[in-house]
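Everything on this sheet refers to the single structure shown next.
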Amino acid sequence: MVTGVDFERAKRTESSDPVVENIFMTGKAWEFLTHKVFEGEAGSSFLMAAGAVAIAVLAGRERRAGVLARSLQMGPGSSLRVFGHPKYREHIPRNPLMKS
Numbered sequence: 001m002v003t004g005v006d007f008e009r010a011k012r013t014e015s016s017d018p019v020v021e022n023i024f025m026t027g028k029a030w031e032f033l034t035h036k037v038f039e040g041e042a043g044s045s046f047l048m049a050a051g052a053v054a055i056a057v058l059a060g061r062e063r064r065a066g067v068l069a070r071s072l073q074m075g076p077g078s079s080l081r082v083f084g085h086p087k088y089r090e091h092i093p094r095n096p097l098m099k100s
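All the letters of the sequence shown, read from the start, carry residue numbers 1 to 100 under full-length UniProt numbering.
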């Protein structure tokens, strides 16, 4: 498989603005390096592991946001009931002003 850097080196016939050329060469060098890193079996395993970590981080962040939204929605009056042993909830009287 020919990478972008190899293709540019073999088919180079035109010149362009040096600033634009530097930008494109940076992108092509990045493409070449990622191709070299991820072309083997170990690279694929590394890529899948990095993807799994990213998915786990996003899922954890979404769960934290959901828990925060639920605690804000329920209010501090109802969240105080969860402190202590779960059996204590049976003996704590309900707040008559709270909607059930």
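The beta-carbon is built from N, C-alpha and C at its ideal position, and this holds for glycine as well. Values in this document were obtained by computation on a predicted structure and should not be read as measured data.
For a quick check, are the C-beta atoms of residue i and residue j less than 8 Å apart?
i: E21; j: T3; result: no
i: K28; j: E8; result: yes
Identify which residue in the options has its Cα closest to the Cα of residue i.
i: M98; options: Q73, H91, E90; result: Q73
Is any heavy atom of the ligand GTP found at a distance shorter than 7 Å from the C-beta of residue i?
i: A52; result: Within the structure as shown, the ligand GTP is missing, as the structure has no ligands at all.
Please specify which runs of the alpha helix (DSSP H), each continuous and at least 4 residues long, are wholly inside the stretch 9-76, giving them in chain order. The stretch 9-76 contains these whole alpha helix (DSSP H) runs: 18-38, 41-74.
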